[in-house]
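First up is the structure itself, then whatever we jot down about it.
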Amino acid sequence: GAVVSQHPSRVICKSGTSVKIECRSLDFQATTMFWYRQFPKKSLMLMATSNEGSKATYEQGVEKDKFLINHASLTLSTLTVTSAHPEDSSFYICSASSGSRGYTFGSGTRLTVV
Amino acid sequence: AQTVTQSQPEMSVQEAETVTLSCTYDTSESDYYLFWYKQPPSRQMILVIRQEAYKQQNATENRFSVNFQKAAKSFSLKISDSQLGDAAMYFCAYRSGSGNTPLVFGKGTRLSVIA
């Protein structure tokens with residue numbers, strides 16, 4: 026079946042530094058990648074939608090300069106949290122769509138900013 | 004905008020019994036898809052079942068089945084013969100039928116299975 030590999034699974038970084046999260050579709054081409062954020066015991070909140078080769082579309086309230094999304098190829102999308110602060114600590118999940126395949130989720134990244 | 008409502012924050016069921024999780028949604032579209040996802044403690048999102056709005060027949064996947072009431076905009080999940088491994092967060096989700104659109108999730112229902 027379709028697999029999306031998300032790395033790292035956990036990361037701890039210091040306040041003010043940047044962190045990059047990668048999502049790779051291993052056996053299919055992901056034309057669209059969705060990035061979600063999930064707070065403890067809460068639902069998934071859509072942050073942005075990216076299509077390969079295009080600029081990402083951010084949801085209202087999501088800072089595009091803080092959460093940089095790159096989708097340069099059909100198999101790789103990255104989310105970079107820039108100048109991270111403790112309030113950015115959360116669980117981040119990517120979800121890849123390739124039309125007929127539906128949606129495949131990465132395993133998530135737990136980010137802790139100290 | 005579409006919304007998905009799960010009115011049961013928590014549910015519990017005895018092992019081997021049946022439980023139904025509720026979900027309602029609001030949309031003005033006629034073409035859409037509905038999903039139930041399971042999120043165990045590992046937090047990996049696992050697709051449980053999917054329903055196309057144009058299909059009248061309720062989807063079934065082994066012990067999991069849905070009751071899709073299109074007019075009432077209701078999409079409940081029934082888990083039969085509950086197992087300990089069914090314990091998880093369950094999210095109901097909606098997707099527009101047009102293009103690569105994101106899933107809209109409900110707030111989730113935490114299901115506990117009692118041995």
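Protein sequence lines, in the order shown, are assigned to chains L and B.
Basically our numbering = 1-based index in the first sequence + 25.
Basically our numbering = 1-based index in the second sequence + 3.
A virtual CB, placed ideally from N, CA and C, is assigned to each residue, including glycine.
As assigned by DSSP and simplified to three states, the class of residue i
i: residue 50 of chain B; result: strand
i: residue 104 of chain L; result: strand
i: residue 87 of chain B; result: helix
i: residue 84 of chain L; result: coil
i: residue 13 of chain B; result: strand
i: residue 77 of chain L; result: coil
Residue environment, residue i, which counts as buried when at least 16 other CB atoms sit within 10 Å
i: residue 29 of chain L; result: buried
i: residue 52 of chain L; result: exposed
i: residue 113 of chain L; result: buried
i: residue 41 of chain B; result: buried
i: residue 105 of chain B; result: buried
i: residue 24 of chain B; result: buried
Alpha-carbon to alpha-carbon, residue j and residue i
i: residue 30 of chain B; j: residue 39 of chain L; result: 43 angstroms
i: residue 83 of chain L; j: residue 74 of chain L; result: 6 angstroms
i: residue 35 of chain L; j: residue 134 of chain L; result: 5 angstroms
i: residue 101 of chain L; j: residue 76 of chain L; result: 11 angstroms
i: residue 71 of chain B; j: residue 117 of chain L; result: 31 angstroms
i: residue 138 of chain L; j: residue 38 of chain B; result: 33 angstroms
i: residue 128 of chain L; j: residue 59 of chain B; result: 23 angstroms
i: residue 87 of chain L; j: residue 4 of chain B; result: 18 angstroms
i: residue 136 of chain L; j: residue 94 of chain L; result: 16 angstroms
i: residue 99 of chain L; j: residue 60 of chain L; result: 15 angstroms
i: residue 107 of chain L; j: residue 68 of chain L; result: 24 angstroms
i: residue 47 of chain B; j: residue 119 of chain L; result: 11 angstroms
i: residue 118 of chain B; j: residue 14 of chain B; result: 14 angstroms
i: residue 81 of chain L; j: residue 65 of chain L; result: 26 angstroms
i: residue 46 of chain L; j: residue 77 of chain B; result: 36 angstroms
i: residue 62 of chain B; j: residue 83 of chain B; result: 14 angstroms
Proximal residues of chain B, C-beta to C-beta of residue i below 9 angstroms
i: residue 133 of chain L; result: 45, 46, 47 and 48
i: residue 71 of chain L; result: 105, 106, 107 and 108
Residue i: contacting residues in chain B (beta-carbon distance under 7 angstroms)
i: residue 116 of chain L; result: 46
i: residue 128 of chain L; result: 106
i: residue 151 of chain L; result: The question about residue 151 of chain L has no answer here: the residues shown for chain L are numbered 26 through 139.
i: residue 75 of chain L; result: Correct list: empty, because the minimum Cβ distance to chain B is about 10 angstroms.
i: residue 56 of chain L; result: 103
Proximal chain L residues relative to residue i, where beta-carbon distance stays under 7 angstroms
i: residue 111 of chain B; result: 68
Chain-ordered chain L contacts of residue i [CB-CB under 9 angstroms]
i: residue 94 of chain B; result: 68 and 69
Cβ of residue i within 9 angstroms of any chain C Cβ
i: residue 42 of chain L; result: Checking the listed chains, one finds no chain C in this structure; the protein chains it contains are L and B.
Interface residues of chain B facing residue i [CB-CB closer than 8 angstroms]
i: residue 122 of chain L; result: 103
Q | Runs of beta strand (DSSP E) wholly within the segment 16-43 of chain B (minimum 3 residues, chain order) | A | With a minimum length of 3 residues, the continuous beta strand (DSSP E) runs that stay inside the segment 16-43 of chain B are 22-24, 27-29 and 35-42.
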